[in-house]
Amino acid sequence: MDVRALALLAVALALASLSEEKPVSLTYRCPCRFYESNVARANIKHLKILSTPNCSLQIVARLKNNSKQVCIDPKLKWIQEYLEKALNKFTLDNTREFGPNSIQ
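Taking mature numbering (1 follows the signal peptide of the UniProt record, and there is no 0), I'd label the letters of the sequence shown as residues -21 to -1, 1 to 83.
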């Protein structure tokens, strides 16, 4: 095989392997870049709490009326109260489930 053809094949394989990976800018991008602060609690179908190593706490809400997803500001008072209740409930449920009386 010709040396030029071999070199061209090596370069083509190297470029093909690089193109399969996502760019670094897409890999580390946070899902929520902007927050909504005027979303009423009654308009939310459900919340998704995202926590990634590269991003701060992010809360994504699916709205009832149009199923649109929006990012909600985690500093809102009602969000913090909701998270505190959920965390307390989770702690109580796990304590109850794994308490001394649950072992049979």
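Beta carbons: idealized from backbone N, C-alpha and C, even for Gly.
(message) For the beta strand (DSSP E) containing C50, name the first residue and the last one.
(response) Q48 to I51
(message) Less than 8 Å between C-beta atoms, sequence neighbours within five positions excluded: which residues of the same chain meet that for L55?
(response) S16
(request) Could you spell out the range, first to last residue, of the beta strand (DSSP E) harbouring R41? (result) Q37 to L42
(message) Mapping the DSSP letters down to three states, classify K56 as helix, strand or coil.
(response) helix
(message) Whole angstroms are fine: how far does the CA of I38 sit from the CA of K24?
(response) 13 Å
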